[in-house]
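Student: Structure in structure tokens, see below.
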Amino acid sequence: MNKNLSEQSDWDELLDFITDRQLTPILGKEMYKFKQDDLLIPVDEYLSQQMLGQYHISDQQELTLTQAVNYLVNEKKVKTMDIIRKLKLMLREINFEFPLLTQFLSITDLNYYVNTAVYNNVLENNLSAIRKQAATSINFSINEPFSDADDLDKLKAPFVFNVFGSLLNTVDPALSEEDMLEYTGHFKERIKNSANIINALKNKNLLFLGCAFPDWMVRFILRLLSNEPMHDWGSKRTIIVVNDMSDVKKKQYEFLKNYDVVTYEGNTKDFVEELTTRWKQKNPASVKNKMVFLSYTVKDKEAVENLKKAIEGISNVTCWYDNREIVPGDDFKTEIAKNIKSADLFIPLISANSLLHKDGYVQLEWFTADNVNTFRKIDGNTSKYLMPVVIDDTNPYDNNVPKYFSELSIGKVPAGNPGQEFINQIRETLNLS
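The opening position of the sequence shown corresponds to residue 1 in UniProt numbering, with each subsequent residue numbered one higher.
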């Protein structure tokens with residue numbers, strides 16, 4: 001019979017698995033939600049709606065991506081390769097914040113992941129940005145060769161195994177339910193020479209996180225990826241299953257009652273927040289200090305000092321701003337540029353004073369930060385970097401405000417005194433919530 005993850009001892013055991021590198025996270029589409037206003041939107045839902053819109057279909061908006069592909073192929077007779085081509089273009093344009101995924105990836109004791117979503121660039125780009133080194137990956141394929149992973153206990157860089165292929169990097173990603181069924185049929189034979197990947201699935205504890213598959217497929221996927229009969233679950237290792245609330249979850253958990261598996265009553269977001277909070281409490285040294293660059297003009301010094309004091313009230317955050325008197329011959333550009341580049345967040349203080357001189361030092365800082373933000377995006381770093389604020393009565397969308405700021409959401413921090421909502425927003429942006 002299964003058990004519910006709730007007791008302190010259960011969390012302690014899970015944290016020990018992570019510390020000892022004895023846990024393999026298997027990530028599903030519920031982990032891929034981007035922030036839109038105050039909502040978390042599944043990227044699966046976004047891609048589905050975008051794809052249906054490409055074919056002017058407006059009466060099927062509730063379909064998942066898999067269901068949308070099934071509908072287009074079977075009902076509208078659209079060629080699969082045309083769908084893949086359009087989805088590739090959409091994926092390359094994705095530049096959203098994924099707070100839930102970012103929070104989970106901050107657990108640095110986890111260094112390898114099994115990914116069940118075909119939009120793997122979301123995971124790999126965020127992983128590379130957070131860990132400050134490029135993630136390596138291997139894509140399962142029925143038709144293309146693929147290699148084994150390196151020894152997962154000796155990894156030097158984060159690793160991802162994309163179990164249903166990759167939209168961007170394989171010719172046969174599993175998009176439809178039929179594709180997924182074909183993958184399950186070929187998986188055991190194709191994976192037999194990948195000893196290190198098999199080890200991660202067969203000999204480690206498994207965390208199925210946000211893996212919401214079609215009801216008929218759930219048991220196939222769980223059995224396939226665990227690489228052992230389900231009646232053996234729990235005898236040598238722990239299997240944990242976490243999903244969002246849905247009819248699929250109810251049916252899945254009802255089925256799992258017959259097996260020795262650990263489930264979680266809350267949703268995926270609750271679980272990730274609880275786990276990361278507990279892990280950070282256990283590993284305080286792993287929580288790196290974050291640096292916020294405050295860009296202001298000297299006439300707004302009181303405002304910037306107010307803002308600095310408020311932001312540094314957040315643990316593990318320091319603010320940097322240039323508070324020196326600039327004299328002829330100072331090589332201030334190099335030092336300031338280095339600090340702008342290394343900052344985790346850049347906050348320009350927009351005011352009548354800062355807009356007065358378009359050729360001033362503060363304008364140079366803003367221009368530099370915009371360039372840094374552009375290169376971060378090119379490198380696949382989708383985390384928010386620019387957070388402009390207005391500190392006086394200036395219209396945030398005044399023609400004198402640089403376009404690269406006016407295109408963003410501009411906050412209001414009167415005289416540099418932020419409200420709690422703004423502070424919470426910084427915490428979330430810096431993954432400190």
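Just so you know, even glycine gets a beta-carbon here, dropped at the ideal spot from N, CA and C. Values in this document were obtained by computation on a predicted structure and should not be read as measured data.
By the three-class DSSP mapping on this structure, what secondary structure does W279 have?
Tutor: Within the sequence shown, residue 279 is the residue found at index 279, counting from 1. Three-state DSSP puts W279 in a helix.
Student: Among the candidates T136, K384, E265, whose CA atom is the shortest distance from the CA of E7?
Tutor: Translated into positions along the sequence shown, residue 7 becomes position 7. For the residues T136, K384, E265, the minimum Cα distance to E7 belongs to E265.
Student: So what does DSSP say about Q60, is it helix, strand or coil?
Tutor: For the purposes of this step, residue 60 is taken as the residue at position 60 of the sequence shown. Coil.
Student: Once you ignore the five residues that flank S226 on each side, which residues in its own chain have a CB closer than 8 angstroms to its CB?
Tutor: Numbered from 1 along the sequence shown, position 226 holds the residue referred to as residue 226. Answer for S226: L201, K202, L206, W233, I239, listed in chain order.
Student: What residue range is occupied by the uninterrupted beta strand (DSSP E) comprising Q22?
Tutor: Numbered from 1 along the sequence shown, position 22 holds the residue referred to as residue 22. Run containing Q22: none; DSSP gives neither H nor E here.
Student: Have a look at L155, D344, F161 and flag the residue whose alpha-carbon is nearest the alpha-carbon of V292.
Tutor: By one-based count along the sequence shown, residue 292 stands at place 292. Residue D344 is the option with its Cα nearest to V292.
Student: Going residue by residue through the stretch 181 to 205, where are the continuous alpha helix (DSSP H) segments of at least 4 residues, counting only ones entirely within it?
Tutor: The qualifying runs are 195 to 202.
Student: Per DSSP, what kind of secondary structure is V73 in: helix, strand or coil?
Tutor: Here residue 73 refers to the residue found at position 73 of the sequence shown. DSSP places V73 in helix when its eight states are reduced to three.
Student: What are the partner residues of N4, as DSSP defines its beta bridges?
Tutor: Walking along the sequence shown from the start, residue 4 turns up at place 4. T263, per the DSSP bridge assignment.
Student: Tell me whether the beta-carbon of S137 lies closer than 9 angstroms to the beta-carbon of N120.
Tutor: Mapped onto the sequence shown, residue 137 falls at position 137. Mapped onto the sequence shown, residue 120 falls at position 120. Yes.
Student: Considering only the alpha carbon of each residue, which of I198, V118, F208, F146 lies closest to E177?
Tutor: Translated into the one-based positions of the sequence shown, residue 177 becomes position 177. Selected option, being the one with the closest Cα: V118.
Student: Could you tell me whether the stretch 414 to 423 touches the stretch 300 to 319, using the rule of 3 or more Cβ pairs below 8 angstroms?
Tutor: Segments in contact, yes.
Student: Can you tell which of S147, V298, N395, P145 has its C-alpha closest to the C-alpha of H357?
Tutor: Against the sequence shown, residue 357 aligns to sequence position 357. Checking every option, the nearest Cα to that of H357 belongs to V298.
Student: Restricting to runs no shorter than 3 residues, where is the beta strand (DSSP E) found entirely within the stretch 109 to 145?
Tutor: Listed in chain order, they are 112 to 115, 136 to 139.
Student: Grab me the residues of E124's own chain with a C-beta within less than 8 angstroms of its C-beta, minus the 5 sequence neighbours each way, in chain order.
Tutor: To locate residue 124, count along the sequence shown from 1; it is residue 124. A135, S137, V160, G380, listed in sequence order.
Student: How many angstroms separate the CA atom of W366 from the CA atom of D322?
Tutor: Taking the sequence shown and counting its residues from 1, one reaches residue 366 at position 366. Taking the sequence shown and counting its residues from 1, one reaches residue 322 at position 322. Cα-Cα distance, rounded: 13 angstroms.
Student: Considering only residues of the same chain and omitting the five flanking positions on each side of E325, which have a CB-CB separation below 7 angstroms?
Tutor: The count along the sequence shown starts at 1 and reaches residue 325 at position 325. In this prediction, E325 has a pLDDT of 49, which is less than 50 and means its spatial position is unreliable; what the coordinates show is noted afterwards. Within the same chain, E325 has no close Cβ partners at all.
Student: With distances taken between CB atoms, is the gap from L167 to L155 smaller than 9 angstroms?
Tutor: On the sequence shown, position 167 is the one that residue 167 refers to. On the sequence shown, position 155 is the one that residue 155 refers to. Their beta carbons are not under 9 angstroms apart, which means L167 does not touch L155 by this criterion.
Student: Tell me the DSSP secondary structure of W320 in three-state form.
Tutor: For the purposes of this step, residue 320 is taken as the residue at position 320 of the sequence shown. Three-state result, W320: strand.
Student: When DSSP builds the beta bridges, which residues end up paired with G411?
Tutor: Within the sequence shown, residue 411 is the residue found at index 411, counting from 1. G411 is bridged to V389.
Student: Based on DSSP bridge pairs, tell me the residues matched to S295.
Tutor: Counting from one through the sequence shown, the residue named residue 295 turns up at place 295. P348.
Student: Under the three-state reduction of DSSP, which class applies to K403: helix, strand or coil?
Tutor: Looking up residue 403 in the sequence shown gives position 403. Helix, per DSSP.
Student: Taking the DSSP output, what are the residues bridged to F34?
Tutor: As a first step, residue 34 must be located in the sequence shown, where it is residue number 34. Paired residues: I41.
Student: Work out the CA separation of Q281 and T102 for me, nearest whole Å.
Tutor: In the sequence shown, counting from the first residue as 1, residue 102 sits at position 102. In the sequence shown, counting from the first residue as 1, residue 281 sits at position 281. So the two alpha carbons sit approximately 18 angstroms from each other.
Student: Output the boundary residues of the alpha helix (DSSP H) element that contains F220.
Tutor: Here residue 220 corresponds to residue number 220 of the sequence shown, with the count starting at 1. Unbroken alpha helix (DSSP H) run through F220: 218 to 226.
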